[in-house]
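Chains as they are written, first to last, in this note's numbering: chain D, 1 to 325; chain S, 1 to 335; chain A, 1 to 290.
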Amino acid sequence: MTATLLEVNDLQKTFTVRRGFPRTETVHVKALSGISFRIAEGEAFGLVGESGCGKSTAGRALLRLIEPDGGQVLYRGENFLTAPGHRLRQLRQKLQIVFQDPFASLNPRRTVGQTLAEPMYVHRLGNREEIQARVESVLDEVGLPRAAVEKYPHEFSGGQRQRIGIARALVLEPELIVADEPVSALDVSIQAQILLLLDGLKVRRGLSFLFISHDLGVVRHFCKRVAVMYLGRIVEEGPTEEIFDGPLHPYTQALRDASPVPDPRAKVTMARLEGEVASAINPPSGCHFHPRCPHAMDRCRVEYPKLRAVAPGRQVACHLHDMAA
Amino acid sequence: MSEQAPVLDVQGLTTEFRVHGEWHAAVRGVSFQLARGETLAIVGESGCGKSITALSVMRLVPQGAGRIASGRVLLEGRDLVPLSEPEMEKVRGNRVSMIFQEPMTSLNPVLTVGFQVAESLHYHRGLGRAEARRTALALFDQVKIPSAARRFDDYPHQFSGGMRQRVMIAMALACNPAVLLADEPTTALDVTIQAQVLALLAEVREAYGMAMVFITHNLGVVASIADRVMVMYAGEVVETAPIDAVFARPTHPYTEALLRSIPRVDRNTTELQAIGGQVPAISNMPAGCRFADRCALVEPRCRVQSPPLTMLPDDPRHHVRCWVRGGETSVEALQ
Amino acid sequence: MSTVHLSTRQPGALALFWSRARRNKGTAIGLVLVLVMVASAILAPWIAPHDPLEQDIIARLEPPSDTYLLGTDPYGRDILSRILWGGRVSLFVSTSAVLIAMVVGSAIGILAGYIGGKFDRVTMACMDVLLSFPSLIMGLLVVAMLGPSIVNLILAIGLTAVAPFARIARAPTLVIKEREFVEAGRAMGFSHGRIMGIHILPNVASEVMVMASLWLATAIRTEASLSFIGLGVRPPTPTWGSMIREGFENILDAPWLSIFPSIAILIVMLGLNLLGDGLRDATDPRLRHE
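Written out as structure tokens, the structure is:
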């Protein structure tokens, strides 16, 4: 087995929101109730779930773009969350992020050249010639013409902008990229182009990925292992194929069944999940999923099931599988 | 072909938009028929003209910037194109309704959802206030809004995205339309909610005997809801066929490539194939086939002359616009 | 092009502005008006036909004539020369004041918006207090406390404009700091100062510049108002405001005393407003490369 690159232990984040008028009340939204996972060198690890499950918060919290409330993020054994300022800056080079929205993620007033050169300049990675050379090679790598350096983001299409975003993440030679829904905003044909580009980076550079997505098909294509999140917790984790071919958690099953497949013969298998995702402000007692779960038992209403191993490399948080184990 | 006259018959619809002072066709020569109770899915990527087609049917193309240049839109035998705006207002939300991707923008944030549905009933069907309210409440039940009576007087922001879409569906059903146009109604929703809304749409279509035009970019969604598919590319119809034929035998190179570029959840995609390049700009359409620049099968003639929509020899319901893959008989010539 | 020039800046905003200004009539007119007024103020020592302080006892309150193109005041001083010289003072005072307000105000606004939380609330509350004073009253208070002098006048007018600049800079900062390119910058280890200075500032600059051109007009008016009530630059140094006030004593028999400096103010304000609109269009990158 390859070495662990990133280890996340019990990462927590609660947002405090003041709302209401004229009487404001303070509510706490538990976005992350302690999630843990490991990503090996060169591995693509998927984080899937529906909106509000905390998957994006997880990506941002581990990069300290949102300060987490607790937990550990160990990068090659070194805690990223407690790293002092200068060390944090060094570590940041190794962990980069690619965003969903290729429009919002680029500064409209900076040329592509400026955007790509700036991180190297800030980290003093070489003189002007070296920086230029690196910018050119990264543009080649993401499939953009070199003339792009002179242009502004708005002169590019969505897919090309996403390539610029990926190029920016690459210039610092990171080892891990947090890809937050990197293809969700793109058209189907462009989505495939970007996925193939990321595939290439994974193979050529040996990059690790934390790949956050709501699209199970994309995750199955890109990730070797996957964790399914529901209301701030991981409910199931394991090898992607095994999880999607034989989901154990009822939520994973529902998610898989609800994911549309381009095959008219597959529509009959669509089992439908009742109800909507509960509020993270006031999550249901016990297992958060029990109000929608077709298999809910009395125990599910009071006790949150622990995430436990049920097979080699597979973990699930569900009382149904407690008994089996 | 069909036993009865189609509820919606669009013939040679061309809608143009003004770009830098010149008119360019965003939708060119689109024709389709819709039978009672049938669901037609219009599929394509952004900019292919699928939404403009629906907006043209509703006569909601922004005035000044766009115009219907030619074609007829026959709703139950009556051409909508020459109708005046006041006449059209009576048709809209009455015989033909439309739901959109983002229901929040279609609902007035300062009025309660119940009031808005009842208002539509009051306006179009001339029901009294009390009766409109009763009917609206029944509609809420029908679209499965939980504890409908309690939530009737809530405001749109108090509803989740899925619930708002249900409200929109209730509003669209209010006048028992003959045709429902659904423009990416589930795109903004989570998959489990999407499945619920798709099921609901299939159910109400059955119950009301409506015909539905379902616009989406998601071929997975198409597979689960449509009877027939119309694939659009750069403003033109490139392939039309019954649902099974499209997936079993995608014939236009674009349809085929599109299907190969989707990673699937139910099996390993060994080879993901991307379509290189981009959709040409509306103001810069190539002379021949509009897909030629991205096509793997491109031949010299494709770049010279635009191919007609043709019927496949062994399946008269399967139409393809392609020099290489298409049949001999032009569909347009038949009409 | 085979090599990449990272240092090459875009067709500078200025060059672009020129090319745009030529196409947009309003902007061109605004630009010409402002340039003419500024140039004539700067060149006053050379182009003024008379000494602005020289009194011609024989030619008092003369209507416009060949010798005195815009007439003379009660002391027989040449109005045209006084307007030209007065423009120097008026424009210098208002430009300096707006520059100070722009720098201080934008810095406060960006900091407040970026840091957020309590700092934002307290700072903006202070700005609201400042904002609640009409600018004339504020100027009056400061000048009354510090005494009338050019520097104090600049400070007074500058202070009145800090709050609006803080407000105008804060609003887009709130939006931009949530944009993902700011997060990307943080992920790449950029300092907060760099993010504010290099990534946020240029994105709020267009709003600030438009505001500056409009406030320049207001500052000229405030200067004139303060001079008008005698709290501006001390006589005999001419400013447009003091000239209007002096003219008021003879408004019925010699209306040109007040009218001509008023027209000077009007021209500059009109020019600045037209220019402000043009500036807004030119600095918006989305409007480039049509």
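Cβ atoms here follow ideal geometry from the backbone N, Cα and C, with glycine treated the same way.
- In this structure, Val-228(D) and Glu-236(D) form a Cβ contact; the two beta carbons are roughly 5 Å apart against a cut-off of 8 Å.
- Comparing alpha carbon positions, the residue from Arg-194(A), Trp-85(A), Ala-224(A), Leu-33(A) closest to Ile-47(A) is Trp-85(A).
- With a cut-off of 8 Å on Cβ pairs, the region 91-100 of chain A is in contact with the region 144-156 of chain A, counting three or more such pairs.
- Interface flag for Ser-157(D) against chain S is set, since a Cβ pair is found closer than 9 Å.
- Here Ile-195(A) is buried, its C-beta having at least 16 other C-beta atoms within 10 Å.
- Contact note: Arg-280(A) does not reach chain D at a C-beta cutoff of 7 Å; the least C-beta distance is about 15 Å.
- Annotation for His-124(S): the continuous alpha helix (DSSP H) segment containing it runs 113-125.
- DSSP assignment within the region 188-249 of chain D yields the following whole alpha helix (DSSP H) runs of 4 residues or more, N-terminal first: 188-205, 216-222, 240-245.
- Contact fails between the region 140-158 of chain S and the region 74-83 of chain S, because fewer than three Cβ pairs, one in each stretch, are under 8 Å apart.
- Near chain A, meaning a CB-to-CB distance below 7 Å, the residues of the region 96-110 of chain D are Gln-96, Ile-97, Phe-99, Asp-101, Ala-104, Ser-105, Leu-106, Asn-107, Pro-108, Arg-109.
- Neighbours of Gly-189(A) across chain D, judged by C-beta separation under 9 Å: Leu-88, Arg-89, Gln-90, Leu-91, Arg-92, Gln-93, Pro-119, Val-122, His-123, Leu-172.
- Interface with chain D (9 Å Cβ-Cβ cutoff): Gln-158(S) is excluded.
- Secondary structure at Arg-18(D): strand, using DSSP grouped into helix, strand and coil.
- Annotation: Ile-58(A) is outside any beta strand (DSSP E) and is labelled neither H nor E by DSSP.
- Within the DSSP secondary-structure output, Val-178(D) pairs in a beta bridge with Ile-97(D), Leu-210(D).
- The beta carbons of Ile-243(S) and Thr-53(S) sit no closer together than 9 Å.
- Look at Glu-207(A): its C-beta is not under 9 Å from any C-beta on chain D.
- Secondary structure of Gln-72(D) (DSSP, three-state): strand.
- Under the DSSP assignment, Gly-46(D) falls in the beta strand (DSSP E) whose first and last residues are 44-48.
- Chain-ordered, the chain S residues with CB closer than 8 Å to the CB of Gln-193(D) read Ala-274, Ile-275, Gly-276.
- If you look at Ser-31(S), you'll find it in the beta strand (DSSP E) that goes 22-34.
- Taking 9 Å as the cut-off between beta carbons, the residues of the region 240-272 of chain S near chain D are Ile-243, Asp-244, Val-246, Phe-247, Ala-248, Tyr-254, Ala-257, Leu-258, Leu-259, Arg-260, Ser-261, Ile-262, Pro-263, Arg-264, Val-265, Asp-266, Arg-267, Asn-268, Thr-269, Leu-272, in sequence order.
- Just so you know, the alpha carbons of Ile-39(D) and Pro-312(D) end up roughly 16 Å apart.
- Cβ atoms of Ser-208(D) and Glu-41(D) come within 8 Å of each other, at about 6 Å.
- Under the Cβ distance rule, Arg-186(A) counts among the residues neighbouring chain D, one pair being separated by less than 9 Å.
- In the DSSP assignment, Pro-164(A) falls within the alpha helix (DSSP H) that extends over 150-176.
- Close CB contacts of Ala-182(S) within its chain, under the 8 Å cut and outside five residues either way in sequence, are with Met-98, Ile-99, Leu-201, Met-212, Val-213, Phe-214, Ile-215 (chain order).
- Using a Cβ-Cβ cut-off of 8 Å, Gln-194(S) is close to Ala-258, Pro-260 of chain D, given in chain order.
- In the three-state DSSP reduction, Asn-273(A) falls in the helix class (H, G or I).
- For Phe-211(D), not one C-beta of chain S is nearer than 9 Å to its own C-beta.
- Within chain A, the C-beta atoms nearer than 7 Å to that of Arg-168(D) come from Ala-184, in chain order.
- Take the alpha-carbon of Val-331(S) and the one of Pro-308(S): they are about 8 Å apart.
- The continuous beta strand (DSSP E) containing Lys-30(D) extends over residues 25-40.
- A Cβ of chain D is located within less than 9 Å of the beta carbon of Phe-181(A).
- Here Lys-144(S) carries a coil assignment [DSSP, helix/strand/coil].
- Only Glu-45, Ser-46 from the region 36-50 of chain S bring a Cβ to less than 7 Å from some Cβ of chain D.
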